[in-house]
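K.L.:
For any residue, its number in our numbering is found by taking its place in the sequence shown, counting from 1, and adding 42. Where is the CB? At the ideal position from N, CA and C, for every residue including glycine. Since the model is a prediction, treat every value here as computed from it, not as a measurement. Questions regarding the structure given below will be posed in turn.
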Amino acid sequence: MSSRSSKLFVISGPSGAGKGTLVARVRGRLPHLGLTVSATTRAPRAGEVDGETYHFLSDAEFTRRIDAGEFLEWAQVHDHRYGTLASEVDRNLSAGRSLILEIDVQGALAVRERFPDAVLIFIEPPSMKVLRARLIGRGSETDESLSLRLADAERECALASAYDVRIVNDDLDRATDELIRVLTSYERY
């Protein structure tokens with residue numbers, strides 16, 4: 043009989059790499075994993091729900107929470123700020139529940155400083171050409187935001203070597219299975 047040890051998993055990768063899709067699929071198969079809801083100053087996209095997809099905050103509210111020390115990490119990403127509320131992480135880990143943080147590269151490296159035992163997992167697109175097509179397929183990118191996201195993706199991919207595990211999301215089923223194998227292997231004693 044195997045038992046689980048509580049772990050903090052950090053999932054990162056460039057915008058459009060498929061992090062959210064992979065995390066949703068994994069949580070469907072590993073429902074014991076907790077997931078924090080990040081905060082952001084960007085506007086909701088179609089279908090996104092405040093408090094479920096993100097905590098959508100005004101710039102002033104986000105700044106107030108930074109000043110109050112409520113964030114485990116936060117960063118300026120593209121034209122907006124994103125952050126992880128420390129209270130959500132502490133609540134899950136103190137209950138003995140493994141947790142997935144789906145955050146940007148800057149945030150992941152900040153989490154590693156506070157939680158050295160965190161497992162950092164980088165989700166990579168198969169190529170920049172595929173990433174570009176995925177971003178265009180969202181239908182939410184302007185030419186300017188597309189250029190910014192692709193430039194950021196190049197910088198983020200250059201930091202992938204700082205992660206414990208790298209998974210190429212070239213086939214959703216294969217990448218999901220690989221991510222599940224990684225998560226379950228780290229949770230075992």
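1. Would you kindly work out how many angstroms separate the C-alpha atoms of A85 and S187, rounded to a whole number?
2. Could you tell me which residues DSSP puts in a beta bridge with G125?
3. So what does V161 bridge to, in DSSP terms?
4. S44 to W116, Cα distance in whole Å?
5. By the DSSP assignment, the beta strand (DSSP E) with R236 in it spans what residues?
6. Per the DSSP calculation, L143 is bridged to which residue(s)?
7. Going by Cα to Cα distance, which pick from L143, D159, L72 and R230 is closest to G62?
8. Are there 16 or more other CB atoms within 10 angstroms of the CB of V91, so buried, or fewer, so exposed?
9. Can you give me the C-alpha to C-alpha distance between R123 and G60, rounded to a whole angstrom?
10. By DSSP, does G62 sit in helix, in strand, or in coil?
11. Would you tell me roughly how many angstroms separate the C-alpha atoms of M157 and S169, rounded to the nearest one?
12. Can you tell me whether G179 is helix, strand or coil according to DSSP?
13. Let me confirm a value: A81 is counted as buried when at least 16 other C-beta atoms fall within 10 Å, else exposed. Which label applies?
14. In angstroms, rounded to a whole number, what distance separates the CA positions of S227 and F51?
15. For D101, collect the residues of the same chain with a Cβ closer than 7 angstroms to its Cβ; drop the 5 residues on either side in sequence, then sort them by chain order.
16. Just to confirm, are V119 and D159 a CB contact at a threshold of 7 angstroms?
17. Using the C-alpha atoms, what's the distance from V131 back to V153?
P.N.:
According to the data block:
1. Taking the sequence shown and counting its residues from 1, the one referred to as residue 85 is at position 43. Taking the sequence shown and counting its residues from 1, the one referred to as residue 187 is at position 145. If you take the alpha carbons of A85 and S187, they lie about 14 angstroms apart.
2. Working through the sequence shown from its first residue, we reach residue 125 at position 83. Its beta-bridge partners are A81 and W116.
3. Stepping through the sequence shown from its first residue, residue 161 is reached at position 119. The partner list for V161 (beta bridge, DSSP) reads F51.
4. Taking the sequence shown and counting its residues from 1, the one referred to as residue 44 is at position 2. Taking the sequence shown and counting its residues from 1, the one referred to as residue 116 is at position 74. Any reading at S44 needs caution, since the residue's pLDDT is 47, under 50, leaving its predicted position unreliable; the model's value is listed next. Near 36 angstroms, if we compare the C-alpha coordinates of W116 and S44.
5. Outside the modelled stretch of the chain, which goes from 43 to 231, sits residue 236, for which no answer is possible.
6. For this step, residue 143 is matched to residue 101 along the sequence shown. Looking at the DSSP assignment, L143 forms a beta bridge with V52.
7. Numbered from 1 along the sequence shown, position 20 holds the residue referred to as residue 62. That would be L143, whose Cα lies nearest to the Cα of G62.
8. Here the question's residue 91 lines up with position 49 in the sequence shown. Exposed: under 16 other Cβ atoms inside 10 Å.
9. Here residue 123 refers to the residue found at position 81 of the sequence shown. Here residue 60 refers to the residue found at position 18 of the sequence shown. Cα to Cα, R123 sits roughly 20 angstroms from G60.
10. Translated into positions along the sequence shown, residue 62 becomes position 20. Correct three-state label for G62: helix.
11. Counting from one through the sequence shown, the residue named residue 157 turns up at place 115. Counting from one through the sequence shown, the residue named residue 169 turns up at place 127. Before going on, a small fix: residue 157 reads as Phe here, not Met. Looking at the two C-alpha atoms, the distance is approximately 31 angstroms.
12. Sequence index remark: in the sequence shown, residue 179 carries index 137 (1-based). Helix.
13. Residue 81 sits at position 39 when you count from the first residue of the sequence shown. Buried.
14. Reading the sequence shown from its first residue, position 185 is the one you call residue 227. Reading the sequence shown from its first residue, position 9 is the one you call residue 51. Roughly 12 angstroms separates the two Cα atoms.
15. One-based indexing of the sequence shown puts residue 101 at position 59. The residues are T83.
16. Position 77 of the sequence shown holds residue 119. Position 117 of the sequence shown holds residue 159. Not a contact, by the Cβ cut-off of 7 angstroms.
17. Along the sequence shown, read from residue 1 onward, the residue named residue 153 stands at position 111. Along the sequence shown, read from residue 1 onward, the residue named residue 131 stands at position 89. Their backbone Cα atoms lie some 11 angstroms apart in a straight line.
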